[in-house]
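FYI, the numbering for the sequence shown is 392 to 1084, going by our numbering. Ideal placement from N, C-alpha and C gives every residue a C-beta, glycine not left out. Some notes on the structure that comes next.
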Amino acid sequence: MSHRKNPTPADASYLPIVRLWILRALLRCDGLSRFLGDKRFLDLQVARALGYTDAAMQKYTEAWALRSLQRKLADMERQCPTVPSQGVLTTNIKRLAERLGLNAVEQDILHVTALQRLQPEFSEALDMCGDLSRASVGRLLAECLGHPLAAVQAALDDRGKLCRSALASLDHDNNYTYGRKVDMLAGLADDLTVEHENLLDLFASSLVRSARPQLTLDHFPHLAEDIQVLRSYLDIASRTNQRGVNVLVHGRPGTGKTEFVRALVAAVGAQLLEIPTEEPNGKPRAGRTRFDSFRFAQSLLAGTEQHVLLFDEIEDVFNDSGRSRRDESNSSGIKGWVNQLLERNAVPTFWVTNSLSTLDRAYRRRFDYVLHMDIPPASVRRRVIDQHLGSLPLAESWRQAVANHADMAPAVVERAVKVGTLVCDVLPELAPDRVLTRLMNNTLAALGESRLQAVNDEYPIQYRVELLNADCDLQRLQDGLARVGEGRLCLYGPPGTGKTAFGHHIAQALDRPLLVKRASDILSPYVGMAEKNIARMFDEARAEGAVLLLDEADSLLRDRQGAQRSWEVTQVNEMLTQMEGFRGIFIASTNLMDSLDSAAMRRFDARIRLGYLAPAQAWLMFGELAASLTLVAPGSLEREVAALQVLAPGDFAQVARLSRLDRPVDARELLTRLRQACDVKREPARRSIGFMA
392 MSHRKNPTPA
402 DASYLPIVRL
412 WILRALLRCD
422 GLSRFLGDKR
432 FLDLQVARAL
442 GYTDAAMQKY
452 TEAWALRSLQ
462 RKLADMERQC
472 PTVPSQGVLT
482 TNIKRLAERL
492 GLNAVEQDIL
502 HVTALQRLQP
512 EFSEALDMCG
522 DLSRASVGRL
532 LAECLGHPLA
542 AVQAALDDRG
552 KLCRSALASL
562 DHDNNYTYGR
572 KVDMLAGLAD
582 DLTVEHENLL
592 DLFASSLVRS
602 ARPQLTLDHF
612 PHLAEDIQVL
622 RSYLDIASRT
632 NQRGVNVLVH
642 GRPGTGKTEF
652 VRALVAAVGA
662 QLLEIPTEEP
672 NGKPRAGRTR
682 FDSFRFAQSL
692 LAGTEQHVLL
702 FDEIEDVFND
712 SGRSRRDESN
722 SSGIKGWVNQ
732 LLERNAVPTF
742 WVTNSLSTLD
752 RAYRRRFDYV
762 LHMDIPPASV
772 RRRVIDQHLG
782 SLPLAESWRQ
792 AVANHADMAP
802 AVVERAVKVG
812 TLVCDVLPEL
822 APDRVLTRLM
832 NNTLAALGES
842 RLQAVNDEYP
852 IQYRVELLNA
862 DCDLQRLQDG
872 LARVGEGRLC
882 LYGPPGTGKT
892 AFGHHIAQAL
902 DRPLLVKRAS
912 DILSPYVGMA
922 EKNIARMFDE
932 ARAEGAVLLL
942 DEADSLLRDR
952 QGAQRSWEVT
962 QVNEMLTQME
972 GFRGIFIAST
982 NLMDSLDSAA
992 MRRFDARIRL
1002 GYLAPAQAWL
1012 MFGELAASLT
1022 LVAPGSLERE
1032 VAALQVLAPG
1042 DFAQVARLSR
1052 LDRPVDAREL
1062 LTRLRQACDV
1072 KREPARRSIG
1082 FMA
């Protein structure tokens, strides 16, 4: 257990040495002009810290004050006070000095700088020396501490241990009073007044132990190759004490970047420590302050047991705003030396960001490993969903629909479940799926992502391959896909003929996950974004081993000869490139076969036309639908059903949905509804299959 002991003027153990430093600063470093007034001391708090009582100050004259100060200094010099050997501050500075190899001069500079921040009277006294240049800071410290000027200047050098570890450093650009001219690691002065058995825990302002991971590496199967490389690299770097080990992890918010780092470091048996993003009082930490903490952590942990650092949210650190050093921005001159720091840091570090746009290309090149983490594949999302949902009474179809949502980041699920579980416990009459759907959709909308659609568990028509009117043997095609494991298919034909359903059937028959995309999921008003979405779509299918089903493929494979804008060509080019390199099962469906680019047509292994139902298929489906509604289908209706030449499986599904709301009285009314579904179609029966008016 720790407790804080702040040195104060009343603390007898620190008072003698502080008085000596104040007197030396006033009398030897031009502080008297700001301390001695015509009729009284200009700072009564400093005067009382020097031992002057109110009664003694009643006889004040400037000459008396000067003689009194000189006598006090002479007395203190004879007494020769030193820094307390048993104080908390002294003990911690000694422990820090042993760890970092600080010499006596560097330790004394830390004492002066820490006490200047802890004791207002001492701070005021040093301010009386006025604005200081680099040279005058050295002279002030040399006079106060009694060390040779050369030794003090060496301790303050940028190449010295104080500066390299960010414990203390000088502002190079401006002349300020001591407290602003001599910079100290944020929070260090207070940290040094805390008693603690573990030196590492002493510096909670600059370094905190990372939380235990809630996931394991088994939750990241889509990163298996990256995990293998990173585990080996961290192991080798640890055993060989290799310097400059830096890993950059970037990706969209909520994709589990921080949790992945925690799981990886735990798996290699190292201790993960984090550079905090906020102060102990809860206020956010400025970028420059966090980078100083990183430099300190590197010095503190170098050569110790196996440690790894995590520097999260690096945007505010590497985004050099160009403002002055005094404004709490990251203006510590990192552009001048950060590249070298990344090449020689002693402790392996993971740097995490949501966006690479704030990171200069010169920095990106210096990371040993760059890992992009996007929304995980559907199979991984499903595992995360099941873990968070636990035993909540949610239908399988709803769980799978959430997993299939391409933008459903793990963090979205976690926060929705956190709120939804509490709400449903208090209001058990609420349906959990509706509550969670609303919560997820609110977050998705705020992120600019598509909403989770309602799930319909009751699909009225049972899907069977024999009810598709294809121009090839679909069963033989399915067997070939199972045997080879890859293929590129183009399904075309009128709407409702079962093109999309065939993709679902193939995934289920081959026991593979299904990734469904529509052109609306890919296209974007921003130039270049559609191409990124195309690449992401194929990457996700590849990582998951999924059957990739692209609806409305004509929007992305349109003939380039008719393109009017350059981005229309680049989108098609990206699609063709990705198709060529994809070694999985890709199924594209379209109602507009004529509009597809000729190069795209050559890349499909098979082009399959799905037409309207043959008479026998139509009659079979009619009988099954009538039976599901407990209606009798007389044979006399078979000829009339056969006459509906543009009847498709989708028409039966539409009529079945209507029948749940308005049940037909007999099979004749059911036929009438199918006839009406055919009548509203734009395509005349005599037109060729696959074309629309």
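- Fully contained in the region 416-482 are the following alpha helix (DSSP H) runs of length 4 or more, in chain order: 435-440 and 453-470.
- Counting along the chain, the unbroken beta strand (DSSP E) around V638 starts and ends at N637 to H641.
- A447 sits exposed, since fewer than 16 C-beta atoms from the chains shown fall within 10 Å of its C-beta.
- The residue among G428, L880, A802 and P612 with its C-alpha nearest the C-alpha of I999 is L880.
- Rounded to the nearest whole angstrom, the C-alpha separation of M928 and K809 is 30 angstroms.
- The residue from H613, L987 and L858 with its alpha-carbon nearest to that of D1042 is L858.
- DSSP links L590 through a beta bridge to no other residue.
- Within the model, the alpha-carbon separation for S989 versus V699 is close to 54 angstroms.
- Annotation for V907: the continuous beta strand (DSSP E) segment containing it runs L905 to R909.
- Excluding five sequence positions before and after R949, the CB atoms of its chain that fall closer than 8 angstroms to its own CB belong to E959, V963, S986, L987 and D988, given in chain order.
- Counted as a single uninterrupted DSSP element, the alpha helix (DSSP H) harbouring H895 occupies residues K890 to A900.
- The secondary-structure analysis by DSSP pairs L701 across a beta bridge with E665 and F741.
- About 15 angstroms separates the CB atoms of P1055 and M1012; that is not less than 8 angstroms, and the two are not in contact.
- Assignment of N736 by DSSP, reduced to helix, strand and coil, places it in the coil class.
- By the C-beta density criterion, P784 is exposed, having fewer than 16 other C-beta atoms within 10 angstroms.
- Rounded to the nearest whole angstrom, the CA to CA distance from N494 to A737 is 21 angstroms.
- Note on geometry: alpha-carbon atoms of L457 and R425 lie some 13 angstroms from one another.
- When Q544, W789, V503 and Y443 are compared, the shortest CA-CA separation from T481 is found for V503.
- Around A934, the same chain offers H613 and P768 as residues with beta carbons nearer than 8 angstroms, after the five sequence neighbours per side are excluded.
- According to the DSSP assignment, V775 belongs to the alpha helix (DSSP H) that extends over A769 to L780.
- Here the region 866-883 makes no contact with the region 1023-1035; the two share fewer than three CB pairs at distances below 8 angstroms.
- By the neighbour-count criterion, in which 16 or more other beta carbons inside 10 Å mark a residue as buried, P819 falls on the exposed side.
- Assigned with DSSP and collapsed to three states, A546 falls in helix.
- Distances from the CA of L536 to each of T473, M519 and F977 were compared; the closest alpha carbon is that of T473.
- Taking the CA atoms as reference points, Y883 sits about 35 angstroms from M831.
- S601 is positioned such that its CB atom lies no closer than 8 angstroms to that of E669.
- Within a 10 Å sphere around the beta-carbon of I627 sit fewer than 16 other beta-carbons, which makes this residue exposed.
- Following the DSSP letters along the chain, one finds H502 inside the alpha helix (DSSP H) bounded by residues A495 to L509.
- Around V599, the same chain offers E665 and P667 as residues with beta carbons nearer than 6 angstroms, after the five sequence neighbours per side are excluded.
- Taking all protein chains shown into account, K674 has fewer than 16 neighbouring C-beta atoms within 10 Å of its C-beta and is therefore exposed.
- The Cβ atoms of A580 and A654 lie no closer than 8 angstroms to each other.
- In the three-state reduction of the DSSP assignment, Y917 falls in the coil class, being assigned neither a helical nor a strand state.
- DSSP places N860 within a strand segment (E or B) once states are collapsed to three.
- Each residue's CA atom was taken as its position, placing G635 and P916 some 41 angstroms apart.
- V743 sits away from E805, with the two beta carbons spaced by 8 angstroms or more.
- Only exposed fits N589, as fewer than 16 other CB atoms lie within 10 angstroms of its CB.
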